[in-house]
Amino acid sequence: MSSATNDLRFALRQLRKARGFTFTAVFTLALGIGASSAIFCLMDGLWLHPMPVPHSDRLVRIFATTPQDQHGLFSYPEYQTFTARATAFQGSSSGLMAMGGRGTLMPNPDGTSVLLLNNVVSDNFFTVLGVHPLVGRLFSPADAQQLHTRPALVLGYLCWQRYFAGDPHIVGRQIALRHGKGEIIHFDILGVLPRQFRNVDPNSDRDIWIPAEAWAALNGDSELTTKDFRWFQILGRLAPSSTVAQANQQVAAIAGALAAADAAGNHRQGARALSDLNYRLQYAGTTGLLLFAVVAGVVLLCTVNVAHLLLARAFTRGPEVALRISLGATRWVVARQLLVENFLLCALGWIGGLGAAAGIAVVLPRLLVGAPDMLVSHDVPLHFQLDWRVFCIAGLLALATMLLLALVPLLQVARPQLVPALRSASSQRTSGRTPVVRRIAVWLQIGVSFALLVSTGALVQSFLNTRTQSIGITRDQVLVLFTQDPDPAMRDDILAKFRALPGVQHAAYAIRSPLMPSEGGMAAQVLLPNHPELHDPIEIKYNAVSPDYLSLIGTRILRGRGFAPADNLNGPAAIIVSQAMAQKYWPSQDPIGKTVRLPGFNNGAPGSTSADLEARIIGVAENAPINDVGEISEPYMYIPFRFSQEGEVTFVVQTSRNAMSMAQEAREVLIHTNPLLDPMFDTSLPELIRSSTGSYQMMAELVTALGVIGLFLTIIGLYGFLAFTVAQRRREIGIRMALGASRQGTALLVLGDTAKIALIGFAIGLLLAAVATRLETSMLFGVHALNPVSLVAACALLIAASLGAAWLPARRAASVEPMQALRTE
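According to our numbering, the sequence shown is numbered sequentially starting from 5.
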């Protein structure tokens, strides 16, 4: 204990004496640990934070799988089958639960309505999760029978605050709800959820939670009894003796049995189970991996910089260490004292890094793009906080850095030659040779910084492209209003009123507009008579639109024609397919004139019954985004709105002024026509585009900030290396100048050495950038990761940075007085 105390005091004295060294090393470590900890806060808040329930590590998620989708949903009958057959989830405190997202209307006294986002869940949902109410109680399997006749629900915390002013006596009151144009049903309020439990996924909120039995009272039994209506997630809590692998085997076997029993309804559908953590890691996807890689690069740059400082300090302290060993100190005692110094540096860096992370975490929410205007009331504000997990991550980084830096003093005391080290410093400064380890460290610094700059350039270009390049829809001011579907005559009357508003240029309607959060878009089963090899229906997403909808939103017809007014009345059914659909199913043919069959669709005429509808392809439209800008284009169809079966409509109004400035006027048009048409939400197409490209903006901002930090560290590291090298070669430079070397030539000598170092660093950086393209490619829009602009810009920045770092050392070298340098030596 006495030895440890003495080592600590000695280390504190040494660090206090070398204040410049101590400040630089601690600042560099704090910068790296702080930036990495803040990015972990971001990743944790967006993707990785576990569900706020007991034993969340035992939760699993079950997905339906097809060759096209590995994260599919299930129907409620399929959930019931899994519940009856899967034993890996059974036990006293475990089971399977179902959850599906829907929207419900809460009527106002004036006849208008407020949209509430709700989750329809199985009656054991909260029991299995282990969630406890803040107020009142939660429903359970014991309530199943009475929920059919006396529907009840649970309020989310924010909904309770927003619409009921946090009334502590809310339990026992009723809330009136309506789905679509259906009748109003009164629900008993059982309780309120705690503030920390908003949804099973982070950063999302739900207003109300309705048990499936009560949902049937509001919307009928069809959504819960139809086998091919798949809109439920399945979650489960593992039994104490079960594993995720066992659960995965069971659900796969159950899905196989369902597919064998109903080949048409479950064609090629399987199932898989993932731990909740694994799901969140997959959800983070490429974005999380890229952020992790960039942060690792910044931490590496910080470590290398501090290693530079320690190596320079080891060189200057070489005679001291040699003297202490020659006077009888053991190598272990000397190494231990040097290791304690490193430990103190890393501890101070850890403390400083946590402080930096706390400051950065305050700024991080400003870098995120919020939800669209239509969902702003349901957008959960993000607050990134430093909890014990962030402390542990920062501590692990500091520990790993300390272990790496410990190699410097260990190598220093392991040298057996004591006599040369005890000589004057002149003997060590004659050759001008720099240890290979230090050169490799500088090469690596430049290489990592070059790769970071190339990635930054590509991501910035990608983000700018999302704001400027053609994406298949217009960027003009278009107001989007989502409401109930009126009858055809009323729709035409509403369009006429919209067109009469000041500044309105055009108006149209569809079931959905592009980029609306519709959980993958509507899909229909499609048969292709021209492809006899495709015996079973294929699922293709679609939209039902008015004749002039495509021209209004800016989606071009590449071949054939668009819809005419007659197509939306009676007569032969027409259909427009996307370019991706045409290329996939008719790659070497003209799709115009081909027919497709839509099982379950009627011909749109009054009194008609559902049948297999045959529609003729009349046009091919360019690919347009469905849910996100930059998504992979997939087959898509447009059908006339007369075939819509959704009961909802989205009006799109093109205007010459700011779209949101006329939102209230457009809302009044709908309300005055019929209060039931009060829009469930309204937004603008530019706002939807902005929100959809938020991930591109976030990555561009974060990687740019980290790239700038990396460039700064590289400049500091290169400057320190060159300054130390010039000081080490002072006698050599004096001899060169005494023999006739000019000051300009001496400066060029330093710059030439810098150029050689930079070239090798560029080569390493090019290799690292090539590896990074594997991560970046899927995140880029309209640009390649190794594009010429990014490469040239990165080279120019690093060349300028290298020259800036070399300027002062080169100037010092050129200002050396030969006689003074030789006399000092």
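C-beta: ideal position from N, C-alpha, C; glycine also.
Is residue i helix, strand or coil when you go by DSSP?
i: valine 380; result: Interpretation of valine 380 is limited by its pLDDT of 48, a score under 50 that renders its predicted location unreliable; the figure taken from the coordinates is listed afterwards. Helix, per DSSP.
i: leucine 617; result: strand
i: threonine 108; result: strand
i: proline 603; result: strand
i: isoleucine 544; result: strand
i: phenylalanine 486; result: strand
i: glycine 634; result: coil
i: threonine 654; result: strand
i: serine 746; result: coil
i: serine 453; result: helix
i: histidine 510; result: strand
i: threonine 659; result: strand
i: proline 610; result: Annotation note: pLDDT 44 at proline 610 (below 50); position unreliable, no value reported.
i: aspartate 686; result: strand
i: serine 435; result: Any reading at serine 435 must be qualified, since the residue scores a pLDDT of 46, below 50, and its modelled position is unreliable; the value itself is stated next. Reduced to three states, the DSSP call for serine 435 is coil.
i: serine 428; result: Reliability fails at serine 428, whose pLDDT of 46 lies under 50, so the model's placement of it is uncertain and the value that follows must be treated cautiously. It is coil, neither helix nor strand.
Assign residue i to one of two classes, buried (16 or more other C-beta atoms within 10 Å of its C-beta) or exposed (fewer than that).
i: phenylalanine 27; result: exposed
i: tryptophan 392; result: exposed
i: alanine 809; result: buried
i: leucine 278; result: buried
i: asparagine 574; result: exposed
i: valine 344; result: buried
i: methionine 841; result: Coverage of the chain is limited to positions 5 through 829, which leaves residue 841 absent and any answer about it impossible.
i: methionine 494; result: exposed
i: glycine 651; result: exposed
i: aspartate 594; result: exposed
i: glycine 623; result: buried
i: glutamine 449; result: buried
i: proline 644; result: buried
i: glycine 223; result: Residue identity check: residue 223 is asparagine in the sequence provided, not glycine. The residue is buried, with at least 16 neighbouring Cβ atoms inside 10 Å.
Name the DSSP bridge partner or partners of residue i?
i: tryptophan 213; result: Asn123 and Val158
i: threonine 3; result: Look at the range of the chain in this structure, 5 to 829, and you will see that residue 3 is not part of it.
i: leucine 239; result: Arg65 and Met101
i: glutamine 529; result: Glu543
i: glycine 564; result: Gly623
i: glycine 195; result: Gly140 and Val158
i: glycine 76; result: Ala68
i: histidine 190; result: Ala180
i: leucine 278; result: Arg65
i: valine 118; result: Met110
i: serine 582; result: Ala625
i: alanine 577; result: Ala619
i: tyrosine 640; result: Lys545
Rounded to whole angstroms, what's the CA-CA distance from residue i to residue j? Just pull it up for me.
i: tyrosine 161; j: leucine 314; result: 54 Å
i: proline 155; j: methionine 103; result: 17 Å
i: serine 459; j: leucine 409; result: 28 Å
i: valine 248; j: alanine 264; result: 24 Å
i: valine 337; j: glycine 353; result: 24 Å
i: aspartate 61; j: aspartate 232; result: 32 Å
i: isoleucine 477; j: tyrosine 546; result: 16 Å
i: valine 1; j: leucine 807; result: What the structure shows of the chain is the stretch from 5 to 829, and residue 1 is not part of that stretch, so it cannot be assessed.
i: serine 208; j: glycine 765; result: 44 Å
i: glycine 292; j: glycine 105; result: 26 Å
i: aspartate 205; j: threonine 9; result: 49 Å
i: valine 482; j: isoleucine 364; result: 36 Å
i: alanine 197; j: leucine 100; result: In the sequence under discussion, the amino acid at residue 197 is leucine, which differs from the alanine named in the question. Using only the alpha carbons, I get a separation of about 20 Å.
i: leucine 372; j: phenylalanine 502; result: 34 Å
i: glycine 38; j: phenylalanine 454; result: 22 Å
i: glycine 738; j: histidine 312; result: 25 Å
i: glutamine 273; j: leucine 159; result: 35 Å
i: proline 541; j: valine 530; result: 5 Å
How close, in whole Å, do the beta carbons of residue i and residue j come, if the pair is a contact with beta carbons under 8 Å?
i: asparagine 122; j: arginine 199; result: In fact, because the Cβ distance is near 18 Å, the residues do not count as touching under 8 Å.
i: histidine 152; j: alanine 257; result: So it is not a contact: roughly 32 Å between Cβ atoms.
i: threonine 559; j: alanine 628; result: 5 Å
i: valine 633; j: isoleucine 475; result: 6 Å
i: leucine 242; j: phenylalanine 93; result: 6 Å
i: glutamine 583; j: leucine 562; result: 6 Å
i: valine 298; j: leucine 456; result: 6 Å
i: leucine 706; j: cysteine 306; result: Wrong, their Cβ atoms sit about 17 Å apart, outside the cutoff.
Does the Cβ of residue i lie closer than 7 Å to at least one heavy atom of the ligand FAD?
i: leucine 726; result: Ligands are entirely absent from the displayed structure, and the ligand FAD is therefore not among its contents.
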